[in-house]
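For the protein sequence lines, the chains are A and B, in the order given.
Position 179 of the first sequence, counting from 1, maps to 179 under my numbering, and the rest follow consecutively.
Position 76 of the second sequence, counting from 1, maps to 1076 under my numbering, and the rest follow consecutively.
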Amino acid sequence: MTRALCLVAAIAFVFSVLRADACRAQTLTGAVSSAEEGAMEGVLVSAQQTGSPIVVSVVSDDKGRFHFPGGRLAPGHYTLRVRAVGYDLAGPPAIDIGTTPADVAIRLRKTSDLAAQLTNTEWLMSMPGTADDKRPLIECMSCHSFERIVRSTYTADEFVPVLERMAQYANNSIPARVQPRVARRDVNDASVHKLAAYLATVNLSRAHDRGSEGWNYELQTLLRPKGRATRVVITEYELPRATIAPHDVRTDALGHVWYSNFVENELGELDPKTGANRDYPIPVLKPGFPTGSLDLEADAEGNLWLALMFQSGLARFDMKTKTFRIFPVDSGLNDDAMQLSMVMPRSAGVDGEVWTNDVARQSIMRLDLASGKYQRIDPFSLLPTGRLHAPYGMAADAENNLYFMDFADQNIGRVDAKTATTTIYPTPTAKSRPRRCMLDEHGRLWFTEFAANKLAMFDIKAEKFKEWDVPTPYTYPYDVFSDPNGEFWSGGMASDRVLRFDPRSGRSVEYLLPRPTNIRRVFVDTSTKPVTFWAGNNHGAEIVRLEPLD
Amino acid sequence: MTVTRAGLYLALCLTSALAGLAPACAGGVNFGDDNDNNTDQGPYFFGFVRDDTGSAVPDAKVTATVKAGGALVTRSNGMGVYKIPGFGKNVDPDSIDISCAKDGYKQDTVLRRPHAAGDNADPVEVECTLKKE
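Following this line, the structure appears as structure tokens:
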């Protein structure tokens, strides 16, 4: 009897395995070519099943061959997409994947609209003008791509009111939802007129006079991926609304992805297995003010904290009960301009204090958890008052001393947890605008020098900097993650590329992403081998997973 | 001006030029992040870090500590020269102490040269000497 039962169980097991195989994805392979180049390396091929929010992409190798790993594409009807600057997909536009491996020949043709394919980095490479002329444009890409600017026909005079209007929009605005500020900002007339005059030289305002339909400068493009940069699988998870603006992203122990939504008052959770998205509404503290949150940091208990931007408070999300506790800024400190963009709760267990900031007043804030009261600290009180500062990216050491980035200037700072006094460390590179950071267990503070196009490290014990140039100009790295293998991972708002950099060898790999991808906070899941990179597409309402194959 | 001081000014000028510290056009809020509005600035601090043989000590940590609390930290360059941008003019230069440090050394002397009190355009020169341990 026992033997018979075992036999039945064994047969059932074999059938279940076979059935699972039949349902599981089959391999899709193929080759990419064009009349101009023949077999093409570095072409991103993307497949999306009808009705699915998940898009899987691979990259063709030096023989033009591509290969989707087994288990990624279930049988069904798939739309195909490519990314290869200068080319469009000629065919086929779609493919049916059955239960047997499929091989497809993908043909590309020269594009008739190269401008539609350029990244912000490529626009900056293409535009005439000095580095100082172009530098103000890095503010524009917080909300939209440069294509919107260069396709416009505004004259310099017409640009002035446009720029003045833009200055009154909150940082957490995207083309899908513009959010005006409540507190009006003063605008510097001279800088507006200077920028307006420059923009009118790079857009289409003079095309008619020239008798031309295009730009009076050649459009420059970056090279397609080669070699190691083609050995990658990229998965995009489309989110259900265009107004979801994922900003900071991190995974939990179950493999779920949590993200702050820069535009809507929601915390997002994504199940990468199914692509299902769930929103957790954050109470609105200041009706009529811009909504959305920034930053997403875990405290020692694993609960998630968000900075509520113009809603002026902090939110703690209990990961067990899935509920929020909100810490509004008390009315004595709160005003219409208040903007809390960062939160650092990691070492709050030491003294019951959570760090945050107020961008509008260039100050550090500290929340006392017991009383719910905030304290304002001016970290720049010793410096000349005429300079702009902006406490931004934050990290706390084991004693809850704060390290922060001075994003408007060229410093990092340390605020002593006990005395609240500040030590300022100017970066070796001037006008660097340090942005986001992470502190590792060895006391190394990794950060980006956004405006200097550099990655950097500050050893908090030795009080010493190291800097590394990012290989592609105008990348403007937003954030960096140092993984346990000693490699850096970075991305930004301009190049649609994820940078992997080994500081020991100086070798770098830049993985091109399938779509325009405005990257903010980057996160690396170190529990996988190789590691897995995650980021949000802030303007594209999607979460991006990048799996290097080596 | 002594030859040594002239050499120090030259080294500082070279350093500033190489570091891209030359003044740029003033910008403003929102469009342009040029950040050179230093009208409220007190005098900057500068000088050599040397060892007890008189040789320049590069990559030494130089700390400007304000007596009331707070500090600014920089490093000497390859020629042993450091420069600390000015604090706000509300900070009394005489309330700022300069110290220097490097692994394998201990601080020996700190020599502060005369400075015109109240003249924010006159930088404060402080030479720091380290001794091998």
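Beta carbons: idealized from backbone N, C-alpha and C, even for Gly.
Please determine, among A:Leu199, A:Asn261, A:Thr235, the residue with the shortest C-alpha to C-alpha distance to Met246 (chain A). It is Pro, not Met, that sits at residue 246 (chain A) in the sequence shown. It is A:Asn261 whose Cα lies nearest to the Cα of Pro246 (chain A).
Determine the closest residue to Ala408 (chain A) out of A:Ile424, A:Thr427, A:Asp397, A:Pro434, with distance taken between C-alpha atoms. For Ala408 (chain A), the closest of A:Ile424, A:Thr427, A:Asp397, A:Pro434 by C-alpha to C-alpha distance is A:Pro434.
Can you give the beta carbon distance from Ile138 (chain A) to Tyr476 (chain A), rounded, assuming they're within the 8 Å contact cut? Correct: roughly 6 Å between the Cβ atoms.
Of the residues that make up the region 425 to 446 of chain A, which ones have a beta carbon closer than 9 Å to any beta carbon in chain B? The region 425 to 446 of chain A vs chain B, Cβ under 9 Å: Tyr425, Pro426, Pro428, Thr429, Ala430, Lys431, Arg433.
Selected residue, minimal CA-CA separation from Glu441 (chain A), among A:Ala395, A:Phe450, A:Met405, A:Thr472: Of A:Ala395, A:Phe450, A:Met405, A:Thr472, the residue nearest in Cα terms is A:Ala395.
For Ser152 (chain A), I'd like the list of residues in its chain whose CB is within less than 6 Å of its CB, leaving aside the five on either flank, ordered along the chain. Within the same chain, Asn203 come within 6 Å of Ser152 (chain A) by CB-CB distance, once the 5 residues on both sides are set aside.
Beta-carbon neighbours of Asp1040 (chain B), restricted to chain A and to distances below 7 Å: In chain order, Pro384, Thr385, Gly386 make up the part of chain A whose C-beta sits under 7 Å from the C-beta of Asp1040 (chain B).
Helix, strand or coil for Gln117 (chain A)? Go by DSSP, reduced to three states. Correct three-state label for Gln117 (chain A): helix.
What do you reckon, are the CB atoms on Gln375 (chain A) and Asp358 (chain A) nearer than 8 Å? With respect to the 8 Å criterion, Gln375 (chain A) and Asp358 (chain A) are not classified as neighbours on the basis of their beta carbons.
Mind pulling the chain A residues with CB within less than 9 Å of Lys1131 (chain B)? Within chain A, no residue comes near Lys1131 (chain B); the closest Cβ sits about 20 Å away, beyond 9 Å.
Short of 9 Å Cβ to Cβ, which residues in the region 459 to 484 of chain A face chain B? Listed by position, the residues of the region 459 to 484 of chain A near chain B (Cβ gap below 9 Å) are Ala462, Glu463, Lys464, Phe465.
Can you tell me whether DSSP reads Trp555 (chain A) as helix, strand or coil? The structure shown does not extend to residue 555 (chain A), since chain A is modelled only from 1 through 550, so no value can be given for it.
What does Thr421 (chain A) reach in chain B if we use C-beta pairs closer than 7 Å? Those are Gly1069, Gly1070, listed as they occur along chain B.
Nearest chain A C-beta to Lys1061 (chain B) closer than 8 Å, yes or no? For Lys1061 (chain B), the nearest beta carbon of chain A is closer than 8 Å to its own beta carbon.
Alpha carbon of Val182 (chain A) to alpha carbon of Leu222 (chain A), nearest angstrom: The alpha-carbon separation between Val182 (chain A) and Leu222 (chain A) amounts to approximately 40 Å.
Does the beta carbon of Phe1087 (chain B) come closer than 8 Å to any beta carbon on chain D? Note that chain D does not occur in the displayed structure, where the protein chains are A and B.
So for Asp1051 (chain B), helix, strand or coil by DSSP? In the three-state reduction of the DSSP assignment, Asp1051 (chain B) falls in the strand class.
Under the DSSP definition of a beta bridge, which residues are partnered with Ala1056 (chain B)? Partner residues in the beta bridge of Ala1056 (chain B), as assigned by DSSP, are B:Arg1050.
What did DSSP end up calling Val263 (chain A) once you bin it into helix, strand or coil? Three-state DSSP puts Val263 (chain A) in coil, outside helix and strand.
Where does Ile97 (chain A) fall in DSSP's three states? In the three-state reduction of the DSSP assignment, Ile97 (chain A) falls in the strand class, which pools E and B.
Which residues of chain A have a Cβ atom closer than 9 Å to the Cβ of Val1126 (chain B), listed in chain order? Those within 9 Å of Val1126 (chain B) in chain A number zero; the least Cβ separation is about 17 Å.
According to DSSP, residues forming a beta bridge with Thr235 (chain A): Answer is A:Val56, A:Arg545.
Residues bridged to Ala105 (chain A) [DSSP beta-bridge criterion]: BP columns for Ala105 (chain A) point to A:Ala31.
For Phe289 (chain A) and Ser173 (chain A), I'd like the C-alpha separation in whole angstroms. Taking C-alpha positions only, Phe289 (chain A) is separated from Ser173 (chain A) by approximately 12 Å.
Any chain A beta carbon closer than 8 Å to Val1066 (chain B): Judged by the 8 Å Cβ criterion, Val1066 (chain B) is in contact with chain A.
Do you know whose CA, among A:Arg444, A:Val509, A:Lys63, lies nearest Ala39 (chain A)'s CA? Among A:Arg444, A:Val509, A:Lys63, the Cα nearest to that of Ala39 (chain A) belongs to A:Lys63.
Using the Cα positions of Ala535 (chain A) and Leu382 (chain A), report the straight-line distance between them to the nearest angstrom. A direct Cα-Cα distance of roughly 37 Å separates Ala535 (chain A) from Leu382 (chain A).
Could you tell me which chain A residues have their CB closer than 8 Å to the CB of Thr1074 (chain B), listed as they occur along the chain? Near Thr1074 (chain B) (Cβ distances below 8 Å), the residues of chain A are Tyr425, Pro426.
Spatial neighbours of Ala420 (chain A) within its chain, please: CB distance less than 7 Å, with the 5 preceding and 5 following residues excluded, ordered by chain position. In chain order, Ile377 place their CB closer than 7 Å to the CB of Ala420 (chain A), counting only its own chain and leaving out the 5 sequence neighbours on each side.
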